[in-house]
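Step one of this worksheet: look at the structure below.
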Amino acid sequence: DVKVTQSSRYLVKRTGEKVFLECVQDMDHENMFWYRQDPGLGLRLIYFSYDVKMKEKGDIPEGYSVSREKKERFSLILESASTNQTSMYLCASNLGQGNSPLHFGNGTRLTVT
Amino acid sequence: ILNVEQSPQSLHVQEGDSTNFTCSFPSSNFYALHWYRWETAKSPEALFVMTLNGDEKKKGRISATLNTKEGYSYLYIKGSQPEDSATYLCASPGTSGTYKYIFGTGTRLKVLA
Chain A
1 DVKVTQSSRY
11 LVKRTGEKVF
21 LECVQDMDHE
31 NMFWYRQDPG
41 LGLRLIYFSY
51 DVKMKEKGDI
61 PEGYSVSREK
71 KERFSLILES
81 ASTNQTSMYL
91 CASNLGQGNS
101 PLHFGNGTRL
111 TVT
Chain B
1 ILNVEQSPQS
11 LHVQEGDSTN
21 FTCSFPSSNF
31 YALHWYRWET
41 AKSPEALFVM
51 TLNGDEKKKG
61 RISATLNTKE
71 GYSYLYIKGS
81 QPEDSATYLC
91 ASPGTSGTYK
101 YIFGTGTRLK
111 VLA
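Chains A and B, in that order, give the protein sequences.
Going letter by letter, the first sequence gives residues 1 to 113 in our numbering.
Going letter by letter, the second sequence gives residues 1 to 113 in our numbering.
In C-alpha cells form, the structure reads like this:
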C-alpha cells in the first residue's frame, strides 16, 4: 500500500514565523500535491510537482513556496505565516495521469496565532 | 474554470438505510471522475476512478455510476452502517487529464445506529 506521511498532525505557529510542512511518499510517484481544506470549500490546490525540482502553481499559491529535492519528499513552506493560513493542509501523490487515484497523507492542522 | 458540485451537503440516515448522493461536473472535455471517502482523523481514501460513460463500479456495499454526457455521477451505499459515516468527495482532473483536480465540497454522511 502507498503510504504518504506528513510530519506533523497539529502545529501551532506565531504570525510571521517561517513554517515548514513535510511530506514523504514511499511509492515512487511522480506527482505530489499540496492542498488546503477550509470549511465550506473544496480541497484547493496550492502547489503541484511532477518531478524533482519541478513545480507548478496551483490555484492559491500566494504566501507559499515548495521544495522537491528528492522524488519522495515534497515540502510546503509558509514564508511568513499569517492568521489566514490557519487551515488543514493535505499532501497527496499519484502516478502520472488524471485517471490515477490520489493517495493522501493524514493532514496537518496548522493554527497561526 | 471547471466546477464540480456535490449534493446534498450533509445527510443523516439510519443504520440499514440505503442512500445516494450526486456529483455534477461539466460534461465537455471529460477525462475522469474520482470518488474519495474521508473519515474523521484519517486521510481521504480513493474509492473509485471512473472514466467511461455508463461505467458502474462497486466496492462492497458502495457503488458508483457515471454519465459523462449529462455530467453527473451517483454514489450509492446499500444498507448503511455507522462505519460508513464520513465525508464523500468527488473530483475531476482538468481537461485532458491535467493535474489540476477540482474537488467538490463533499457530502457529509452520518449513519445513526
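Glycine included, C-beta positions come from ideal geometry on N, C-alpha and C.
Computed from a predicted structure; not experimentally measured.
Start-end ranges of the beta strand (DSSP E) lying completely within the region 25-103 of chain B, minimum 3 residues: 33-38, 45-50, 56-59, 62-67, 72-77, 86-92
Contact set between residue 50/A and chain B, taken where Cβ atoms lie within less than 8 Å: 99
Neighbourhood of residue 55/B by C-beta, 6 Å cutoff - its chain only, sequence neighbours within 5 removed: 66
Interface flag, residue 26/A vs chain B, CB-CB below 9 Å: no
CB contact below 9 Å: residue 36/B versus chain A: yes
Contacts of residue 135/A in chain B (Cβ-Cβ under 9 Å): Missing from the structure shown is residue 135/A; chain A here goes from 1 to 113 and no further.
Option nearest residue 73/B by Cα separation, candidates 111/B, 26/B, 11/B: 26/B
Residue 104/A versus 34/A, 20/A, 18/A, residue with shortest Cα-Cα distance: 34/A
DSSP three-state assignment for residue 25/A, whether helix, strand or coil: strand
Start and end residues, beta strand (DSSP E) containing residue 94/A: 87-94
Bridge partner(s) assigned by DSSP for residue 111/A: 12/A
Residue 105/B, DSSP secondary structure in three states: coil
Same chain, Cβ closer than 6 Å to residue 73/A, five either side skipped, listed in chain order: 24
Cβ pair residue 35/B, residue 88/B closer than 9 Å: yes
Rounded straight-line distance, which links the Cα of residue 57/B to that of residue 15/B: 23 Å
Assigned secondary structure, residue 31/A (DSSP; H/G/I helix, E/B strand, else coil): strand
Entirely enclosed alpha helix (DSSP H) segments - the region 33-88 of chain A, minimum 4 residues: none
Chain-ordered chain A contacts of residue 74/B [CB-CB under 7 Å]: Simply none; closest approach about 19 Å.
Between the CA atoms of residue 33/B and residue 51/B - distance to the nearest angstrom: 6 Å
Chain B residues whose Cβ lies nearer than 8 Å to that of residue 41/A: 105
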